[in-house]
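Here the structure comes first, spelled out in structure tokens, and everything after it is commentary.
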Amino acid sequence: MEQNDLDALIAENVSDLELALTRVEEVIDPRVNEAAWNALKQALADADYHFEDDDDLNVAWFAPRTWLDKDKDSDPWFRLTADDSHHRTWLASYIAPRTDREAIGIQWYHDNLYVKDYKQILEAHASDLRDIERSGFRRDGNRIYLPIEFDAQKIAEGLSNDDLAEAMEPVVRAADALLVASEAFQRLRDAMVAKSNS
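If you're matching positions, the sequence shown starts at 1301 in the numbering used here and goes up one per residue.
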């Protein structure tokens, strides 16, 4: 389709497009996010993880309960979010990411170390990083993340049937990969905490 024809089509249907976008932001995004978060919690239920719930996946976080400090915080921690998404909706990050970094996935975050110190820890833990990558996680510089690939048709069917459990099976597989890498993440975390306390 030529750009001018596309522009004309958009102009003719802008009212429907506005309604659809509003519906995605206000209804569909919260439903899909809640289903993904609940699938993650269920998948890690036997692994003694702490979950800090929030409607916004950029705020919600989770970590092994043993990582919590006296204030019930953790550094480092994980999120189920899109690390580098420029999409207007969460739904697009689930079913139409342009890159792995824009996909919903399990992301590793930290706050208490300088970049130089963190890089040194990563270099000293090269074998742990290999174990983490073998479990399915990816690295982009200092970022460690596990993109999750969702089936758009299964999400659509789940929304239609008001049951997103099958559509969220990739979240369960991602949680399994996290558990496979848990010992390597534990060693990274211990080194980071030791450095930040020194």
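Backbone N, C-alpha and C fix where the C-beta goes; we use that ideal spot for every residue, glycine too. In this text, all values refer to a predicted model and were calculated from it rather than measured experimentally.
*In this structure, what does DSSP give as the bridge partners for W1377?*
Y1409
_Other residues of its chain near D1353: CB distance less than 8 Å, five sequence neighbours each side excluded_ = W1337 and A1360
*Give me the Cα-Cα distance between I1395 and Q1453, rounded to the nearest whole angstrom.*
9 Å
*asked:* Quick check on Q1407: buried or exposed, where buried means 16 or more other Cβ atoms within 10 Å of its Cβ?
replied: buried
*Would the beta-carbon of W1390 fall within 8 Å of that of V1332?*
yes
*Could I get the ranges of all uninterrupted alpha helix (DSSP H) runs contained in the region 1424–1482, with 4 residues as the minimum, in chain order?*
1426–1434, 1452–1461 and 1469–1480
*Go ahead and pull the three-state DSSP assignment for E1302.*
coil
*Leaving out the 5 sequence neighbours to the left and right, which residues in its chain are closer than 7 Å to D1348 when beta-carbon positions are compared?*
P1364 and R1365
_I'd like to check one pair, A1494 with D1431: are the Cβ atoms closer than 8 Å?_
no
*In this structure, does DSSP put Y1414 in helix, strand or coil?*
coil
*Nearest to R1487 by alpha carbon, out of E1457, I1448 and S1427?*
S1427
*Within 10 angstroms of the Cβ of L1344, are there 16 or more other Cβ atoms? Answer buried if so, exposed if not.*
buried
*Given a threshold of 16 other Cβ atoms within 10 Å of its Cβ, counted over all protein chains shown, does R1379 qualify as buried or as exposed?*
buried
*Based on the DSSP output, what are the partners of H1350 in its beta bridges?*
A1363
*8 Å CB neighbourhood of I1310 in its chain, flanking five on each side removed*: L1317
*Run of the alpha helix (DSSP H) containing S1393, from where it starts to where it stops*: W1390 to I1395
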